[in-house]
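Trainee: In mature numbering (1 follows the signal peptide of the UniProt record, and there is no 0), the protein residues as written are -18 to -1, 1 to 157. Each residue gets a CB set at the ideal place from its N, CA and C atoms; glycine is no exception. Just so you know, these numbers come straight off a predicted model, no measurement behind them.
1) Would you mind sorting residue 62 into buried or exposed? The rule is 16 or more other CB atoms within 10 Å of its CB.
2) Where does the unbroken beta strand (DSSP E) through residue 230 begin, and where does it stop?
3) Hey, how far is the Cα of residue 70 from the Cα of residue 87?
4) From what residue to what residue does the alpha helix (DSSP H) around residue 44 run?
5) Just tell me which of 115, 108, 140 has its CA closest to the CA of residue 95.
6) Here's the rule I'm using: 16 or more other beta-carbon atoms within 10 Å means buried, otherwise exposed. How should residue 32 be labelled?
7) Using alpha carbons as the reference points, say which of 98, 91, 49, 116 lies closest to residue 152.
Next up, the structure:
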């Protein structure tokens, strides 16, 4: 009995230690991603997301046109977002997000009675949703779609870009 008791204590302490190491070692909370959908269309679109916990994350996205394949009239988009995940795995599955989008576009508006092109910078608020898959090795595939409305430009009633689309097919890596 004296030899069994220390063996049991050692067994349970090793088990408890292994469990605490597993929960503490899950520190993969960084996700750089690139939007391959926009890349094919001539836009450089990258995202960095920081996972706060198993249900939420915050991120920033930058999109800049690099090719004239499609005439976007966009100078840049800078988006910050907060996501809430509904999946059973760590920050995976269906998600909803709220975002703010600082955007600069060249738009055709009426100034002093005449139509002219003008660079307009505005801030949009919006919602989107999507789905994220994460492999056991950390590879990410996500698709999302949403939209928002520009809020502050004095030309919003005349603009083509008073609505902001947020869409993508991202690939990335979680580490």
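Mentor: Taking the definition as stated:
1) exposed
2) Look at the range of the chain in this structure, -18 to 157, and you will see that residue 230 is not part of it.
3) 39 Å
4) Premise fails: residue 44 lies in the beta strand (DSSP E), 38 to 47, not in any alpha helix (DSSP H).
5) 140
6) exposed
7) 116
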